[in-house]
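Going by the numbering used here, the sequence shown opens with residue 543, and the numbers climb by one from there.
We put the CB at the ideal spot given by N, CA and C, even for glycine.
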Amino acid sequence: MAVNLATSMMATLLRASNGIQSTPAAVKPKKTLQLYDIENCPYCRLVREVLTELDLDVEIYPCPKAGTRFRPELVARGGKAQFPYLVDPNTGAEMYESLDIVAYLFETYGLRELPLKWRAGRLQTVGSMLASAPRAGRGMQARPGRMPEYLLELYSFESSPYARPVRELLCEMEIPYILRNCGRTRFEEWVLPPMRERLKLQPDSDLENRRLLQESEGKVSIPYLYDPNTDRGLFESADILDYLRENYRA
Ligand SMILES: N[C@@H](CCC(=O)N[C@@H](CS)C(=O)NCC(=O)O)C(=O)O
Numbered sequence: 543m544a545v546n547l548a549t550s551m552m553a554t555l556l557r558a559s560n561g562i563q564s565t566p567a568a569v570k571p572k573k574t575l576q577l578y579d580i581e582n583c584p585y586c587r588l589v590r591e592v593l594t595e596l597d598l599d600v601e602i603y604p605c606p607k608a609g610t611r612f613r614p615e616l617v618a619r620g621g622k623a624q625f626p627y628l629v630d631p632n633t634g635a636e637m638y639e640s641l642d643i644v645a646y647l648f649e650t651y652g653l654r655e656l657p658l659k660w661r662a663g664r665l666q667t668v669g670s671m672l673a674s675a676p677r678a679g680r681g682m683q684a685r686p687g688r689m690p691e692y693l694l695e696l697y698s699f700e701s702s703p704y705a706r707p708v709r710e711l712l713c714e715m716e717i718p719y720i721l722r723n724c725g726r727t728r729f730e731e732w733v734l735p736p737m738r739e740r741l742k743l744q745p746d747s748d749l750e751n752r753r754l755l756q757e758s759e760g761k762v763s764i765p766y767l768y769d770p771n772t773d774r775g776l777f778e779s780a781d782i783l784d785y786l787r788e789n790y791r792a
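This is the structure we're talking about:
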């Protein structure tokens, strides 16, 4: 787990400030967006970063290499196996190409100009490729996993080094889930949860998902997995990984 976390931290550092801070979208989609995604794909990461930055939730349909669950579905739908692929059930829009998806999200939901860093999209792609390197071998290749009846829910923000291994395993096991974004908007949110508890800091977040977690679980710590199939909720990435391996082994 220590090596796992160290390389995840490296990926986080390589993406600098991307996929951490949120400035919520002006408009929230009524129906949840859907993304055909590979966790360690550098192009998919860019889309997930923007989803964190705009504070938009998304249903993730994992399509690791050699995956058989959602890959054929996407080929039937879009015509080819290329990731990411966004489906917006609110507007009927469906598209390939990470930078087109980024522009679409800012235009449709952000209602603001594409930030400068995203206008230099090609640079972001190169940076994201570098961040994929330390995680090589993870979140890319399918391994046996059971299909849940209801989508799992993961409270996460893109660049969290602790949430990444959970998303990787969900991807490898082809387990679909709702990614509930929990970016940071306040200074106190940078203080890690155990220290926050000691200092009795309870950030009054601007974000709905963080507020929800605080109200229902009494604290905000990322990642948090809720499984509606078993009505179990878990904090701690190591516990979540064990839970997924035990409960969704095929
Ligand atoms: N220009 C595309 C490139 C997408 C791309 O090449 N994605 C790779 C995954 S990293 C892919 O779909 N590979 C085919 C596969 O995994 O079967 C974009 O920005 O979205």
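Contacting residues, own chain, Cβ-Cβ under 7 Å from residue i (five flanking each side not counted)
i: ALA792; result: PRO686, GLY687, ARG688
i: GLY620; result: TYR627, GLU636, TYR638
i: PHE777; result: SER763, TYR766
i: TRP732; result: ARG726
i: ILE643; result: VAL589, PRO626, LEU628, MET637
i: ASN546; result: PRO707
i: MET682; result: ILE580, ASN582, PRO606, LYS607
i: LEU743; result: GLU730, VAL733
i: ALA645; result: LEU656
Same chain, Cβ closer than 6 Å to residue i, neighbours up to 5 away in sequence not counted
i: TYR719; result: ILE602, LEU693, LEU694, LEU696, LEU712
i: GLY775; result: TYR768
i: PRO516; result: The displayed coordinates of the chain run from 543 to 792. Any statement about residue 516 would go beyond what the structure contains.
i: ILE568; result: For clarity, residue 568 is Ala in the given sequence; the question names Ile instead. If we look at ALA568 and ignore the five residues flanking it on each side, its Cβ neighbours are LEU653.
i: ASP630; result: LEU575
i: ARG557; result: ALA673, SER701
i: MET543; result: ALA780
i: ALA705; result: SER698, ILE764, PRO765
i: PRO735; result: SER763
i: GLU739; result: none
Alpha-carbon spacing of residue i relative to residue j, whole angstroms
i: ARG722; j: SER640; result: 20 Å
i: LYS761; j: VAL708; result: 19 Å
i: GLU649; j: ALA684; result: 34 Å
i: PHE699; j: GLY725; result: 5 Å
i: VAL600; j: MET737; result: 30 Å
i: ARG618; j: PHE612; result: Reading off the sequence shown, one finds Ala at residue 618, where the question assumed Arg. About 10 Å.
i: ALA608; j: GLU595; result: 31 Å
i: ASP579; j: ALA623; result: 11 Å
i: ASP781; j: LEU653; result: 39 Å
i: TYR790; j: GLU655; result: 42 Å
i: GLY634; j: LYS573; result: 11 Å
i: SER701; j: THR554; result: 5 Å
i: CYS586; j: ASP746; result: 31 Å
i: ASN751; j: LYS570; result: 13 Å
i: LEU647; j: PRO657; result: 12 Å
i: ASN632; j: PRO604; result: 21 Å
i: ALA678; j: LEU593; result: 23 Å
i: ARG753; j: GLY663; result: 32 Å
Cut-off 8 Å between Cβ atoms - residues of its own chain near residue i, not counting five sequence neighbours on either side
i: PRO541; result: This structure cannot speak to residue 541, because the chain is shown only from 543 to 792.
i: THR610; result: ALA684, GLU716
i: MET551; result: PRO703
i: GLU759; result: TYR766, GLY775, PHE777
i: TYR785; result: LEU767, ASP769, ARG774, LEU776
i: LEU741; result: VAL733
i: TYR651; result: ALA567, ALA568, VAL569, LYS570, PRO571, LEU596, LEU598
Residue i, buried or exposed, once every other Cβ within 10 Å from all chains shown has been counted against 16
i: PHE729; result: exposed
i: GLU714; result: buried
i: ASN771; result: exposed
i: GLU710; result: buried
i: ARG787; result: exposed
i: LEU616; result: buried
i: LEU755; result: buried
i: LEU665; result: exposed
Per DSSP, the bridge partner or partners of residue i
i: PRO604; result: ASP579
i: TYR627; result: TYR578
i: GLY620; result: Partner(s): none; GLY620 has no beta bridge.
i: SER698; result: ASN723
i: MET637; result: LEU628
i: LEU767; result: LEU696, LEU776
i: GLN744; result: None; GLN744 has no bridge partner.
i: GLN683; result: LYS607
i: LEU563; result: Looking at the sequence provided, one finds Gln at residue 563 rather than Leu. DSSP, once it has assigned bridges, lists ARG726 as partnering GLN563.
Chain B contact for residue i (CB, 9 Å cutoff)
i: LYS742; result: The structure shown contains no chain B, having only a single protein chain.
Contact belief for residue i with residue j at Cβ below 8 Å, rounded distance in angstroms
i: LEU749; j: SER564; result: 6 Å
i: ASN560; j: GLU581; result: Not a contact, Cβ separation roughly 16 Å.
i: PRO690; j: THR549; result: Not quite, the Cβ-Cβ distance comes to about 28 Å (not below 8 Å), so this is no contact.
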